[in-house]
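Asker:
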Amino acid sequence: MLDFGDLTVFAKVVETESFTRAGHHLGMPKSSVSRRITRLEQHLNTQLLRRNTRAVTVTEDGALFFQYCLRSIGVLKDGERALQSQQRYPQGIIRVVLPHGLSQSLLGPMLAEFLALYPEVRLLTMVSDEGIALLRNGFDVAIEVGPLASSDLVATRLGGAECGLFCAHDLAERMGTPQTQVELPRFDLLGLGAVDRRHRWTLQRGDEEAVVEFAARFATNDLAMLRQATLAGLGIASLPAFLCKRDLAEGRLMEVMPGWNSGWIDYFAVFSDPKTVPVRVRTLIDFLVERLRRGLSWDPG
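What follows is the structure, given as structure tokens:
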């Protein structure tokens, strides 16, 4: 395989007509210039330069090859300038994996805002709960809901949201609501996560803590579907408070056991080696950190 450094040395020798002057321009001794030219000629199996005590001249094969060298060097310099431009202003494609539930209710509007800020960026998204696996198949970053499983990847915490207990107003009118954690298992409860196991809430109020274990009447791993099931009156659910803000204001949902929270959800951006993360990806991560810091009080549509 051709060595790009050899091409650069050859082009400089042709331009300066001297091994010595080429070495001066490139910051290398004449002997290194000569060694690289010899290696290149051996690789191509032809003489590129004529050497004598007075001058260095290019052969017919050398002149032909010189034109291709100039084109190659020009293309690589264009590539270097393009990368430098991206370092200054994000552009190009970002492949993102989004989790079920948050893609529409929270992250979708934020990504639209990001694209408006950076018109040279293209976003390709996939909704999946297998984000870490997809990172190994060409995606740049995965948005994950914690806690995270251990992996050799890097995670940046984007933000978090407090959860509370909520139910539909009409359900509360028909069935009443629990006043203490002891009464909760007597009501229909909705679960988030694995659908084939018992569910567990850890409730907190100040220094008080209570654990509630239950078999869910309805369970899903999709946060948006859990909200819809709660709105439909299927039972009481633990939901991020920001997700219910508009429903509370418009009377569709009500808070159950006010003052108690039912946990905390953390959001992470997971990616590979931070030393090689493109500027466009780092810009997206920084944007989401800032936007989620403000956006968890945002009203979902």
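Residue numbers (our numbering): 190 to 490. The beta carbon of each residue, even a glycine, is placed where N, CA and C say it ideally should be.
1. For H289, name the three-state secondary structure that DSSP assigns.
2. Helix, strand or coil, according to DSSP, for T472 in the structure here?
3. Have a look at V470 and D462 and give me their C-alpha separation to the nearest angstrom.
4. Please classify M217: does DSSP put it in a helix, a strand, or coil?
5. Would E206 be called buried (16 or more neighbouring beta carbons within 10 Å of its own) or exposed?
6. Suppose you measure from the CA of R260 to the CA of E309; what does that come to, to the nearest Å?
7. Let me check one thing: in DSSP terms, what residues is H388 bridge-paired to?
8. If we call anything under 8 Å between Cβ atoms a contact, is A418 one with A426?
9. Measure the Cβ-Cβ separation of R406 and L428 and say whether it is below 8 Å.
10. Going by DSSP, what residues sit across from I283 in a beta bridge?
11. Would the beta-carbon of W453 fall within 8 Å of that of E351?
12. When you compare the segment 323 to 337 with the segment 393 to 407, are there three or more beta-carbon pairs, one atom per stretch, that lie closer than 8 Å?
13. Closest to L295 by CA distance: which of K266, G348 and L237 is it?
Answerer: Taking the coordinates as given:
1. In this structure, H289 counts as coil in the three-state DSSP scheme.
2. helix
3. 12 Å
4. coil
5. So E206 ends up on the exposed side.
6. 27 Å
7. F403
8. yes
9. Judged by beta-carbon spacing, L428 lies beyond the 8 Å limit of R406, meaning their Cβ atoms are not closer than that value.
10. L312
11. yes
12. no
13. G348
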